[in-house]
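What follows is a single structure, written as structure tokens, with notes after it.
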């Protein structure tokens, strides 16, 4: 039986979701929201390339939650997964069904890119969680924005919620390794490993700060040379 499908009824419900027309229509809206945000970010990237001869981000990764992941999240929120209203409940209570992750080289680019994105008049900010300035206890760092973006479909414009995460290359590396290690079972000295990962996150943060200072020195030197 599928993970998180605690009963045969729930397993059958998950399989029904995967093929249900209403569910597929909703997931298509989330997929379109991802494309909207990707387009906006790529336009900003193109403009940066022309004006500053550099790119503000290194890569964009996207993901759409599966029915199983949606059911799991609803369980954690204490919401019923088999009451026939999952589609409506997920639209109201889940803000991360659609996700975009933007990986930048430098922290300053994270905040600049996020600010430029939020200035666009069809973007509505619902919530900000800044785990760069306020890291999680385990050391996790990232800037999370919950946005509402317009999706234009045959029936008209509809707002869709989407989560956009901004990380540096170093933050993304740490988060990826941490994610893999968290799912290892029967690990000895788990507390020690958790502490070592937190220390690694601190080291990575220091590295990000130093790389930012080096870039600032290079850019300042270039401006001085241009003036001379």
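Numbering (the working numbering), first residue to last: -1 to 226.
All C-beta atoms in this analysis are idealised placements derived from N, C-alpha and C, irrespective of residue type, glycine included.
- Please check the pair residue 110 and residue 54, which I expect to be a contact at CB under 8 Å, by giving their CB distance rounded to whole angstroms. For the purposes of this step, residue 110 is identified with residue 112 of the chain shown, where counting begins at 1. For the purposes of this step, residue 54 is identified with residue 56 of the chain shown, where counting begins at 1. With 8 Å as the limit, residue 110 and residue 54 qualify as a contact, their Cβ atoms being about 7 Å apart.
- Does DSSP classify residue 144 as helix, strand or coil? Here the question's residue 144 lines up with position 146 in the chain shown. Of the three classes helix, strand and coil, the one that applies to residue 144 here is strand, per DSSP.
- Query: Could you give the C-beta distance for residue 130 and residue 147, rounded to a whole number, given that I count them as a contact under 8 Å?
  - Reply: Residue mapping note: residue 130 aligns to position 132 of the chain shown, counting from 1. Residue mapping note: residue 147 aligns to position 149 of the chain shown, counting from 1. The pair is not a contact, with the Cβ atoms about 23 Å apart (cut-off 8 Å).
- Item | Under the three-state DSSP convention, the category residue 1 falls into | The residue you call residue 1 lines up with position 3 of the chain shown. At residue 1, the pLDDT of 45 sits below 50, so the modelled position is not reliable; the number obtained from the coordinates is stated separately. Residue state, collapsed to three classes: coil.
- Where does the unbroken alpha helix (DSSP H) through residue 103 begin, and where does it stop? The sequence position of residue 103 within the chain shown is 105, counting from 1. Neither: residue 103 is in no alpha helix (DSSP H) and is coded neither H nor E.
- Message: I need the DSSP call for residue 163, collapsed to helix, strand or coil.
- Response: For the purposes of this step, residue 163 is taken as the residue at position 165 of the chain shown. Correct three-state label for residue 163: strand.
- Identity of the residue in 203, 215, 197 and 157 nearest residue 89 by Cα: Position 91 of the chain shown, counting from 1, holds the residue named residue 89. Considering only alpha carbons, the answer is 157.
- Task: Go through its chain and collect everything with a Cβ distance to residue 31's Cβ below 6 Å, but skip five positions before and after it.
- Result: Taking the chain shown and counting its residues from 1, the one referred to as residue 31 is at position 33. 96, 147, 149, 158 and 160.
- Identify whether residue 157 lies in helix, strand or coil by the three-state DSSP scheme. Here residue 157 refers to the residue found at position 159 of the chain shown. Strand.
- In three-state terms, what does DSSP make of residue 76? On the chain shown, residue 76 is found 78 positions in, with the first residue counted as 1. Coil, per DSSP.
- Distance CB(residue 192)-CB(residue 136) smaller than 8 Å: Taking the chain shown and counting its residues from 1, one reaches residue 192 at position 194. Taking the chain shown and counting its residues from 1, one reaches residue 136 at position 138. A distance below 8 Å separates the beta carbons of residue 192 and residue 136.
- Query: Are residue 231 and residue 42 close, meaning C-beta to C-beta below 8 Å?
  - Reply: Look at the range of the chain in this structure, -1 to 226, and you will see that residue 231 is not part of it.
- Message: Do residue 29 and residue 77 have their beta-carbon atoms positioned less than 8 Å apart in this structure?
- Response: Residue numbering aside, residue 77 sits at position 79 when the chain shown is read from its first letter. Residue numbering aside, residue 29 sits at position 31 when the chain shown is read from its first letter. Contact flag unset, no.
- Task: Mark residue 1 as exposed unless 16 or more other C-beta atoms lie within 10 angstroms of its C-beta, in which case mark it buried.
- Result: Residue mapping note: residue 1 aligns to position 3 of the chain shown, counting from 1. Confidence is the limiting factor: at residue 1 the pLDDT is only 45, short of 50, which leaves the residue's position unreliable and the question unanswerable from this model.
- Return the CA-CA distance between residue 102 and residue 164, expressed in angstroms with no decimal places. Within the chain shown, residue 102 is the residue found at index 104, counting from 1. Within the chain shown, residue 164 is the residue found at index 166, counting from 1. Near 7 Å, if we compare the C-alpha coordinates of residue 164 and residue 102.
- Message: Please report the straight-line C-alpha distance between residue 184 and residue 175, rounded to a whole angstrom.
- Response: Reading the chain shown from its first residue, position 186 is the one you call residue 184. Reading the chain shown from its first residue, position 177 is the one you call residue 175. Answer to the nearest angstrom: the Cα atoms are 18 Å apart.
- Hey, out of 22, 127, 34 and 213, whose CA is closest to residue 85's CA? The sequence position of residue 85 within the chain shown is 87, counting from 1. Here the closest residue by C-alpha is 22.
- Message: Please report the distance separating the alpha-carbon of residue 195 from that of residue 154.
- Response: Taking the chain shown and counting its residues from 1, one reaches residue 195 at position 197. Taking the chain shown and counting its residues from 1, one reaches residue 154 at position 156. The C-alpha of residue 154 is placed about 48 Å away from the C-alpha of residue 195.
- Please report the residue range of the alpha helix (DSSP H) in which residue 39 lies. In the chain shown, counting from the first residue as 1, residue 39 sits at position 41. Run containing residue 39: 19 to 50, per the alpha helix (DSSP H) assignment.
- So what's residue 87 in DSSP terms, helix, strand or just coil? As a position in the chain shown, residue 87 is number 89, starting the count at 1. Helix at residue 87.
- Return yes when the Cβ of residue 125 is within less than 8 Å of the Cβ of residue 108, no when it is not. By one-based count along the chain shown, residue 108 stands at place 110. By one-based count along the chain shown, residue 125 stands at place 127. For residue 108 and residue 125, no; Cβs fall outside 8 Å.
- Message: Rounded to the nearest angstrom, what separates residue 112 and residue 20 at their Cα positions?
- Response: In the chain shown, the residue the question calls residue 112 occupies position 114. In the chain shown, the residue the question calls residue 20 occupies position 22. Whole-angstrom Cα-Cα distance: 33 Å.
- Message: Between which residues of its own chain and residue 116 is the CB-CB distance below 7 Å, once the five residues before and five after are set aside?
- Response: Here residue 116 is taken as the residue at index 118 of the chain shown, counted from 1. Taking residue 116 as the centre and dropping the five residues before and after it, the same chain places the C-beta of 123 closer than 7 Å to its C-beta, in chain order.
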